[in-house]
Structure formats: structure tokens, C-alpha cells
Amino acid sequence: MRHGVRRAVWPLWARAAGRGVRPRGDMAEPGPGPSRAREDEPGPADKEEAAPAPKKRRLAGGERYVPPPRKLNAGVSFGAEHFAETSYYFEGGLRKVRPYYFDFRTYCKGRWVGRSLLHVFGTEFRAQPLAYYRAAARAGRLRLNEEPVRDLDIVLKNNDFLRNTVHRHEPPVTAQPIRILAEDEEVVVVDKPSSLPVHPCGRFRHNTVIFILGKEHGLRELHTLHRLDRMTSGVLMFAKTAAVSKRIDEQVRQRQLEKEYVCRVVGEFPEHEVVCEEPILVVSYKVGVCRVDPKGKPCQTLFQRLSYNGSSSVVRCLPRTGRTHQIRVHLQFLGHPIVNDPIYNMEAWGPDRGKGGKIGKTDEELLKALVEEHRSKQSLEVLGIGEEDLNSSGESKDCGNSGDCTKSAEAEPINGSSCPAEDEQDPVRNDVAACPLNSDINLETLDKDKELSFCRNR
Numbered sequence: 001m002r003h004g005v006r007r008a009v010w011p012l013w014a015r016a017a018g019r020g021v022r023p024r025g026d027m028a029e030p031g032p033g034p035s036r037a038r039e040d041e042p043g044p045a046d047k048e049e050a051a052p053a054p055k056k057r058r059l060a061g062g063e064r065y066v067p068p069p070r071k072l073n074a075g076v077s078f079g080a081e082h083f084a085e086t087s088y089y090f091e092g093g094l095r096k097v098r099p100y101y102f103d104f105r106t107y108c109k110g111r112w113v114g115r116s117l118l119h120v121f122g123t124e125f126r127a128q129p130l131a132y133y134r135a136a137a138r139a140g141r142l143r144l145n146e147e148p149v150r151d152l153d154i155v156l157k158n159n160d161f162l163r164n165t166v167h168r169h170e171p172p173v174t175a176q177p178i179r180i181l182a183e184d185e186e187v188v189v190v191d192k193p194s195s196l197p198v199h200p201c202g203r204f205r206h207n208t209v210i211f212i213l214g215k216e217h218g219l220r221e222l223h224t225l226h227r228l229d230r231m232t233s234g235v236l237m238f239a240k241t242a243a244v245s246k247r248i249d250e251q252v253r254q255r256q257l258e259k260e261y262v263c264r265v266v267g268e269f270p271e272h273e274v275v276c277e278e279p280i281l282v283v284s285y286k287v288g289v290c291r292v293d294p295k296g297k298p299c300q301t302l303f304q305r306l307s308y309n310g311s312s313s314v315v316r317c318l319p320r321t322g323r324t325h326q327i328r329v330h331l332q333f334l335g336h337p338i339v340n341d342p343i344y345n346m347e348a349w350g351p352d353r354g355k356g357g358k359i360g361k362t363d364e365e366l367l368k369a370l371v372e373e374h375r376s377k378q379s380l381e382v383l384g385i386g387e388e389d390l391n392s393s394g395e396s397k398d399c400g401n402s403g404d405c406t407k408s409a410e411a412e413p414i415n416g417s418s419c420p421a422e423d424e425q426d427p428v429r430n431d432v433a434a435c436p437l438n439s440d441i442n443l444e445t446l447d448k449d450k451e452l453s454f455c456r457n458r
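The numbering of the sequence shown is UniProt numbering, which starts it at 1 and goes up by one.
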């Protein structure tokens, strides 16, 4: 088979790619239950005879002792214990996940050192109000170095280990099955339906391609070779071993393989081949907005018109680099945004909707205008953005390659139903403070998603 070439048909607003399954930095997803006890630890029958728990250690001068870091599971796959956390049920054409308990875990980031836990929650984990974290602490769901957090004013130190236990409710996805197109001893190729994330991210874990393939097809130890955004349908390929993944990754770096996308855009796209090489800058990692800017990183996309129906064109897109939202931003710059792109084909960009890079607003004004426009259309849930995302303190702008996005966004909670699209491999984001919304609440969100995802495989 011809590895790596895909024809992923975009929904009419689809993004460039999805995300990987490797843990982000020092974050990792744990197993479903408490960690396995060591053999030298007392079992349940020995609890009465066990020695009293040692007092909390203090350093010279009475400083709080922090145990040395332990290695979190850095594997790229999930095992039977993860798949057994919960189960699916089907209702009204939707795949739903029964709620389950889950631990979000992370080590203290360097920039958190010296700040209070309450301040970190209030500035970097704003998916929930501070009252939520106070209630979680009172209920014993927040733990610091495996000890219950009693005081949110505690000052964080290097290597502090945080754990937050939540009762997780995942949003529903389509009940359309994942078709296996090809499989051999090295790779498996599937047809991903729209509405499914590739891997666990944000509010999604079991309702992802990785988990469904593992739970229903017995395909485990899969290595993600590329991504498709949640609302994008198309061909998706996984490697079955680390060696195969490494080999194909090298082929991608050597440009021996290519990716191809098809999308429907506004207006009559030029008949001749168009090459766009405008640099792209990330405006906001939280909201997931980019734009053309001379300070951005260089990138290149080739476009070829396939058809025109009098009002819109079907365009073949071949990205030569992997910047965030590269195809969408370049199409907007050319004056032919994807027809129902919920970010780059909005009035918030001005009368020309960003054509030629003409916006006429500051970045802050642009973000606020996008939020206001979606609020008026009652579609904020589709994007997973809110007014709290406009508080851009500490958020720096950078160029849109996926590696940079990974570093800059690793502590920002995903606040919605979509996972920001990136074209290259990047680790999955697992936030200690995430508290997913109830599945039933998100039925309306899925209906809105369907309006934006006229997805078909070619």
C-alpha cells in the first residue's frame, strides 16, 4: 500500500489536522483507579498492625518538604485497564459514554513556583470558577503530593505533584462506525467520521478514535502518524509498532510522503494553481485563532481548483509545512475562506473577512468581536470559547508551528468541544483542573456541530 498519502475531505470549515496521543510534557493520563501498591506496602489485612504514618517532613527552617518526582507513564498507547474505565451506549444516532471517575495529574510548572495554588487555578485553569476548586478541596478531590489540599493559599514548589479527581461526563459523538480500510502487520488505515477526536483531549477520552479502536476492534498499541480535526472526516493511518512509526515519521520529514485535503470555499477560486507563502502568527492559543503576519513563521500551501458551482469552489489543498490552521488562514488571506468556517469566515474580521490580511482591529478587539458574534448566534459551545478566554494576561503570541503551540499552550485548559488543530505530531493535553460538562447538556452542541460538518470521504 502507499503509506502516508491521504485524501481527507474537509468539512466545510475543517481544520488542518488533529492531535497526537503522547503525553504533554510532564503530564500523563493515569489508569482508572488507584495506583498499584508496592509489595512492601501493607495490604488491607495488615492495616491495623501497620506502623503509624510518619509525620510530614520539613526541611531546615521549617520549609515544606517536596518528594522527588516519579516518572509518569509516558507510553503512547492505552491498555485494558484504561478501556475498562467505562462503557458506551447508543441513543438517537449518538454514541454516549457512561460517566466515570477520572484523575487529572500534573507536576508543578516552573512558572508556577512561588505562586499560590489558588492563584494558579485562577489564572491558568479557568475552565471552572474558584468556587469549584474550593469545593473540590473541601471534598478531598484535590491532592498535593498525594496529601489532601486543605489550604489553597499554599505556595507551590518545584516538583509538587497535583491530582484532581473528577466525575467525568463526555460529550456525545456520532454513532457512525469507524470503517477499517486496510490493515497489515505494520499499519492500520481507517475512515474517521466527523465529530470524533483522534485521541484523548479536552472533554474527550473514550469517545475518540484511539479508544474506540482499542475497545471495539482490539487495536491497541497504536502510534498516531498524523491527525484529523474532530469535525474533519477522512483517511487516518496508525502505525502498529514504534519502529514503523519512527520510519514513517522520517519519511514525512524527508518529504517522501504528502498529505492532501479537499474543501469547499467561498466564491470562484482561480483556475490556475495558487501557491500561498504568507507567514502565520498565532493570535490566541486559548481561543485558537491565527492570522497572516510578517512576524509569523514561513509556510507554504498549494491550491488547485477542482470545480465551481456558481457560488463556491471545491479546492484541493497540499500543505508543504505544518503550521496551525495553515490551510484555513491561507484561504482566508486569498479571499476564499472555507464556506462555514466558524473562525475565519466571520464578520468579526471586517467587511473583507480578512482578505489580504486586512483586519482593521487589534488582536484583542478581534478576539472580543469573534466571541460577540458567536454569542449572538448562540454558537459559543461549538468553539468552546467564552469571555474568560479574552483575559490574555501572560499569553504570548508566537508563530504557528505545532511545536511552538505545544510549549506555549501546555498549561492552558481546553475549554470546549474541539481540540485545536495542528499538522505535526504534538503531545496530548491533560489538565489537572478540567471538569467536563454533562453529556446530555452537549446534545445541542452536537447538533450545532452537524450544521458545520458536511463531511464525506472521497
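In this text, a Cβ means the ideal position worked out from N, Cα and C, and glycines have one as well. Note that the structure is predicted; figures quoted are calculated from it, not measured.
Cα atoms of SER376 and VAL265: separation of roughly 24 angstroms, rounded to the nearest angstrom. In the DSSP assignment, the residues bridged to HIS223 are ALA239.
The beta carbon of GLU170 sits closer than 7 angstroms to the beta carbons of VAL97, ARG203, PHE204, ARG205, HIS206, ASN207, PRO436, SER439 from its chain, once the five residues preceding and following it are set aside; these are given in chain order.
In the DSSP annotation of this structure, the continuous segment of the beta strand (DSSP E) that includes TYR89 starts and ends at 88 to 91. As computed with DSSP, LYS377 is found in no beta bridge at all.
The three-state secondary structure of GLN304, taken from DSSP, is strand. VAL66 is positioned such that its CB atom lies no closer than 8 angstroms to that of ASN164.
Across the structure, THR301 and ARG230 are spaced so that their CA atoms are roughly 22 angstroms apart. Taking the CA atoms as reference points, VAL262 sits about 18 angstroms from GLY310.
Per DSSP, reduced to three states, the secondary structure at LYS192 is strand. Between ASP160 and the set HIS272, VAL252, GLY218, GLU146, the nearest pair of CA atoms involves GLU146. Across the structure, TYR132 and SER313 are spaced so that their CA atoms are roughly 48 angstroms apart.
In the three-state DSSP reduction, HIS119 falls in the helix class (H, G or I). Here THR106 is bridged, per DSSP, to LEU162. Put simply, the backbone Cα of HIS217 is about 20 angstroms away from that of ALA242.
Residue pairing for SER311: DSSP places it in no beta bridge. If you draw a straight line from the Cα of GLN254 to the Cα of VAL187, it is about 19 angstroms long. Secondary structure note for LYS259: its beta strand (DSSP E) is the uninterrupted segment 259 to 266. Residues GLY335 of the same chain have their beta carbon placed closer than 6 angstroms to that of LYS355, with the five preceding and five following residues left out of the count. In this structure the region 325 to 332 lies against the region 290 to 306, because at least three pairs of beta carbons, one per stretch, are closer than 8 angstroms.
A direct Cα-to-Cα measurement between TRP349 and PRO337 gives close to 12 angstroms. Around the beta carbon of LYS295, fewer than 16 other beta carbons sit within 10 angstroms, so the residue counts as exposed. Here GLU147 carries a strand assignment [DSSP, helix/strand/coil]. Secondary structure at TYR344: coil, using DSSP grouped into helix, strand and coil.
Scanning PHE211, ARG316, GLU277 for the CA closest to the CA of GLU85 turns up PHE211.
Cβ neighbours of PRO279 within its own chain (closer than 8 angstroms, five residues either side excluded): VAL292, ASP293, PRO294, LYS295, GLY296, LYS297, PRO298, CYS299, CYS399. Comparing C-alpha distances from GLU372 to each of ILE343, GLY357, PRO351 shows the shortest one belongs to ILE343. In the DSSP secondary-structure assignment, PHE204 is bridged to CYS201.
Distances from the CA of PHE83 to each of VAL282, GLY214, LEU366 were compared; the closest alpha carbon is that of GLY214. A distance of 8 angstroms or more separates the beta carbons of ILE154 and LEU130. Taking every protein chain shown into account, the CB of TYR107 has 16 or more other CB atoms within 10 angstroms, so this residue is buried.
Counting along the chain, the unbroken alpha helix (DSSP H) around ALA135 starts and ends at 130 to 138. Of the residues assessed, PRO197 falls on the buried side of the cut-off, its CB having 16 or more other CB atoms within 10 angstroms. A distance of 8 angstroms or more separates the beta carbons of VAL235 and LEU367. Contact annotation: LYS259 and HIS226 have beta-carbon atoms nearer than 8 angstroms.
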